[in-house]
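Q: Each residue of the sequence shown is one higher than the last, beginning at 28 in our numbering.
First the structure, then my questions, so here it is.
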Amino acid sequence: MESSFCEPYMNKLQFSATEWSFFKTGFPPEDFYRRLVQIGIGAVEMAPEERWTAAKKAGLKLLNIAAPGMTNGLNRVENHDSLLPTIAEMITDAGDNQIAQIVVFSGNRVGQSDCEGKENCEAGLRELAPLAEKSGVTLILEMLCTNDHPDYQADRSSFGFDVARAINSPAVKVLYDIYHMHWMEEDVMADITENLDLIAHIHVAEKNKRSKPVAHGGIDYSSIFKKINDAGYCGYWGLEFIPQGNPLEELKEAVDLFRSFT
Numbered sequence: 028m029e030s031s032f033c034e035p036y037m038n039k040l041q042f043s044a045t046e047w048s049f050f051k052t053g054f055p056p057e058d059f060y061r062r063l064v065q066i067g068i069g070a071v072e073m074a075p076e077e078r079w080t081a082a083k084k085a086g087l088k089l090l091n092i093a094a095p096g097m098t099n100g101l102n103r104v105e106n107h108d109s110l111l112p113t114i115a116e117m118i119t120d121a122g123d124n125q126i127a128q129i130v131v132f133s134g135n136r137v138g139q140s141d142c143e144g145k146e147n148c149e150a151g152l153r154e155l156a157p158l159a160e161k162s163g164v165t166l167i168l169e170m171l172c173t174n175d176h177p178d179y180q181a182d183r184s185s186f187g188f189d190v191a192r193a194i195n196s197p198a199v200k201v202l203y204d205i206y207h208m209h210w211m212e213e214d215v216m217a218d219i220t221e222n223l224d225l226i227a228h229i230h231v232a233e234k235n236k237r238s239k240p241v242a243h244g245g246i247d248y249s250s251i252f253k254k255i256n257d258a259g260y261c262g263y264w265g266l267e268f269i270p271q272g273n274p275l276e277e278l279k280e281a282v283d284l285f286r287s288f289t
């Protein structure tokens, strides 16, 4: 498992891009991945298996893939019989293909208490952790805002941190999405800087349209970036926004923006 923490003087700015938000049907994959590399993107996220070879050939790292369970997730034990074998198989595939992370989800609350939801997530992830450790894969639990995902249970940063801390495995961490947690009025800078050891990956986007990040918009990325960078984060800055215009041009603008903060 790769660590997302390093001494500040060792920081190397790294960018990844989520394929779902930037790849357009009909665009030649080879050309798309080549352009990502030219822009300064080092890794692609959630790419479908049929494009893994093309991404690698272009020089991109396959950073992560997403497990099922966004709605019917690990927070309910009745889902474990189907989810855990599926995720276990994904862990083996990820290890074989040098994919560092698998994104996992709590699922919807549906009236269940957060305490019970956390316990069930912990039970499922604790069972998967040994295989993930052996395979060199990190399971990253993502918290989502209820504005975009109504009734999603892991809608607070404390949910993910509590689960990761309880399992206490290098193979179980958190995917911290600044856009989602800002919507939930979390203290993003404190969340990340005080729990950096539990965070494997960070996603960024602007409010309110989940558009490309700007320096001082609804989310103050200039200040947030500097605090997180100074705290020692050296993982990828995951660009997961919805382009309002040309996807590749907006990706380049986002990369240039974050580089300007250093």
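In this text, a Cβ means the ideal position worked out from N, Cα and C, and glycines have one as well.
1. Which residues in the same chain as Glu293 place their Cβ atom closer than 6 Å to its Cβ, once the five residues preceding and following it in sequence are excluded?
2. In the segment 236-280, which residue ranges form an unbroken alpha helix (DSSP H) of at least 4 residues, counting only runs that do not cross its ends?
3. Where does Asn91 sit, in a helix, a strand or coil, going by DSSP?
4. Distance check for Asn99 and Pro274, CA to CA, integer angstroms please.
5. Should Phe50 go down as buried or exposed, given a rule of 16 or more other Cβ atoms within 10 Å for buried?
6. Should Val137 and Leu168 be called a contact, given that it needs their Cβ atoms to be closer than 7 Å?
7. Using 10 angstroms around the beta-carbon of Ala227, count the other beta-carbons present and answer buried if the total reaches 16, otherwise exposed.
8. Just to confirm, are Leu266 and Ala44 a CB contact at a threshold of 7 Å?
9. Considering only the alpha carbon of each residue, which of Gly53, Glu116 and Val231 lies closest to Leu158?
10. In angstroms with no decimal places, state the Cα-to-Cα distance between Thr165 and Glu76.
11. In whole angstroms, what separates the C-alpha of Lys39 from that of Cys261?
12. Glu233 lies in the beta strand (DSSP E); which residues open and close that run?
13. For Val64 and Val282, what's the separation of their Cα atoms in angstroms?
14. Which of helix, strand or coil does DSSP assign to Ser184?
15. Please report the straight-line C-alpha distance between Asn256 and Gly151, rounded to a whole angstrom.
16. If you follow the alpha helix (DSSP H) that Tyr60 is part of, which residue opens it and which one closes it?
17. Mind pulling the beta strand (DSSP E) runs of 3 or more residues that sit fully within the segment 66-139?
18. Which residues in the same chain have their Cβ closer than 7 Å to the Cβ of Pro95, if we skip the five residues on either side of it in sequence?
19. Secondary structure at Thr52, three-state DSSP: helix, strand or coil?
20. For Glu161, which beta-bridge partners are listed by DSSP?
21. Taking the straight line between their C-alpha atoms, what separation do you get for Ile66 and Asn235?
22. Could you tell me the boundaries of the beta strand (DSSP E) in which Thr220 lies?
23. Hey, how far is the Cα of Arg78 from the Cα of Val130?
A: With the given structure in hand:
1. One cannot answer for residue 293 here, as it falls past the ends of the chain, which runs 28 to 289.
2. 248-258
3. The residue you call residue 91 lines up with position 64 of the sequence shown. Residue state for Asn91 is assigned as strand, using DSSP reduced to three classes.
4. For the purposes of this step, residue 274 is identified with residue 247 of the sequence shown, where counting begins at 1. For the purposes of this step, residue 99 is identified with residue 72 of the sequence shown, where counting begins at 1. Rounded to whole angstroms, Pro274 to Asn99 spans 31 Å at the Cα level.
5. Position 23 of the sequence shown, counted from the start, is the residue given in the question as residue 50. Counting Cβ neighbours within 10 Å, Phe50 comes out buried, since at least 16 surround it.
6. Position 110 of the sequence shown, counted from the start, is the residue given in the question as residue 137. Position 141 of the sequence shown, counted from the start, is the residue given in the question as residue 168. In this structure, Leu168 does not lie closer than 7 Å to Val137 by Cβ.
7. As a first step, residue 227 must be located in the sequence shown, where it is residue number 200. By the neighbour-count rule (16 or more Cβ atoms within 10 Å), Ala227 is buried.
8. As a first step, residue 266 must be located in the sequence shown, where it is residue number 239. As a first step, residue 44 must be located in the sequence shown, where it is residue number 17. In this structure, the beta-carbon distance from Leu266 to Ala44 falls below 7 Å.
9. In the sequence shown, the residue the question calls residue 158 occupies position 131. Selected option, being the one with the closest Cα: Glu116.
10. Your numbering for residue 165 matches position 138 in the sequence shown. Your numbering for residue 76 matches position 49 in the sequence shown. Each residue's alpha carbon lies about 18 Å from the other.
11. Residue 39 sits at position 12 when you count from the first residue of the sequence shown. Residue 261 sits at position 234 when you count from the first residue of the sequence shown. The straight-line gap from Cα to Cα measures roughly 6 Å.
12. As a first step, residue 233 must be located in the sequence shown, where it is residue number 206. First-last for Glu233: undefined, no H or E at that position.
13. On the sequence shown, residue 64 is found 37 positions in, with the first residue counted as 1. On the sequence shown, residue 282 is found 255 positions in, with the first residue counted as 1. Our two residues, Val64 and Val282, have alpha carbons roughly 11 Å apart in a direct line.
14. Here the question's residue 184 lines up with position 157 in the sequence shown. Ser184 falls in the helix class under three-state DSSP.
15. Here the question's residue 256 lines up with position 229 in the sequence shown. Here the question's residue 151 lines up with position 124 in the sequence shown. Their Cα atoms are separated by approximately 32 Å.
16. One-based indexing of the sequence shown puts residue 60 at position 33. Start and end: Pro56 to Ile66.
17. Complete beta strand (DSSP E) runs here, min 3: 70-72, 88-93 and 128-131.
18. Start at 1 with the first residue of the sequence shown, and residue 95 comes out as number 68. These residues qualify, in order along the chain: Leu110 and Thr113.
19. Here residue 52 is taken as the residue at index 25 of the sequence shown, counted from 1. Thr52: coil per DSSP, three-state reduction.
20. As a first step, residue 161 is located in the sequence shown; it is residue number 134 there, counting from the start. Looking at the sequence itself, residue 161 is Lys, so the reference to Glu does not match. Answer by DSSP bridge pairing: none, since Lys161 is not bridged.
21. Here residue 66 refers to the residue found at position 39 when the sequence shown is read from its first residue. Here residue 235 refers to the residue found at position 208 when the sequence shown is read from its first residue. About 25 Å.
22. Stepping through the sequence shown from its first residue, residue 220 is reached at position 193. Unbroken run through Thr220 is the alpha helix (DSSP H), Val215 to Glu221; no beta strand (DSSP E).
23. Here the question's residue 78 lines up with position 51 in the sequence shown. Here the question's residue 130 lines up with position 103 in the sequence shown. About 18 Å.
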